[in-house]
Amino acid sequence: MRKTLPLALAAALLTGPAFAQSLPNLSAGDVLGPAGVVPLSTPQPPARLVVDPPLPGPLAQGRVFIQYRAENLRIEPVFGPAALAVTPRIGHVHVAVDDAPWHWADASGEPIILVGLTPGSHSVQITLADANHRPLDSATIRFVVPAAPAGHQH
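Using the numbering used here, you'd call the opening residue of the sequence shown number 85 and step up by one each time.
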């Protein structure tokens, strides 16, 4: 039905009120298809984190862009025990650089962007976490930030 709707709307506009009267008989489901978010009736599959290596172009210039995505979990800025009951599951990522004793939480769903790292080997650990910060999956990306060309200052 979804593919025919634009044609139906165009026909309604061109043919006038007689055709348009049949459109109110269509339900939201007829027009939009099944709901995109429906409470799950079965257990959710495990959440999974997929992380790409840093984009090579920016990395060659000393900027680190790491794209990632979550499967079976939506990245949302919602936290706390009550959010654990939301279905489909929601969560965020924790990001740790090198062996730093700290990390940060990110719920934007956007690529991780790092600048100002010294030339040399680095690692970024990305941990997929539920809304109560419990780890669900993790990936560590290792890469080398090249030395800046001689005479090139930021």
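Ideal Cβ positions, reconstructed from N, Cα and C, are used throughout, including at glycine.
All values derive from a computational prediction rather than experimental measurement.
Check: C-alpha gap between residue 130 and residue 213, whole angstroms; Outcome: 12 Å
Check: Inter-residue CB distance, residue 239 and residue 151 (contact presumed, cutoff 8 Å); Outcome: No answer is possible for residue 239: it lies beyond the span of the chain, which begins at 85 and ends at 238.
Check: Delimiting residues of the alpha helix (DSSP H) encompassing residue 220; Outcome: Taken as a continuous stretch (DSSP letters only), residue 220 belongs to no alpha helix (DSSP H), being part of the beta strand (DSSP E) at 219–229.
Check: Residue 168, DSSP secondary structure in three states; Outcome: helix
Check: Beta bridge counterpart(s) of residue 209 as assigned by DSSP; Outcome: 180 and 224
Check: Residue 232 - DSSP class collapsed to helix/strand/coil; Outcome: coil
Check: Buried versus exposed, by CB contacts within 10 Å (16 or more), residue 133; Outcome: buried
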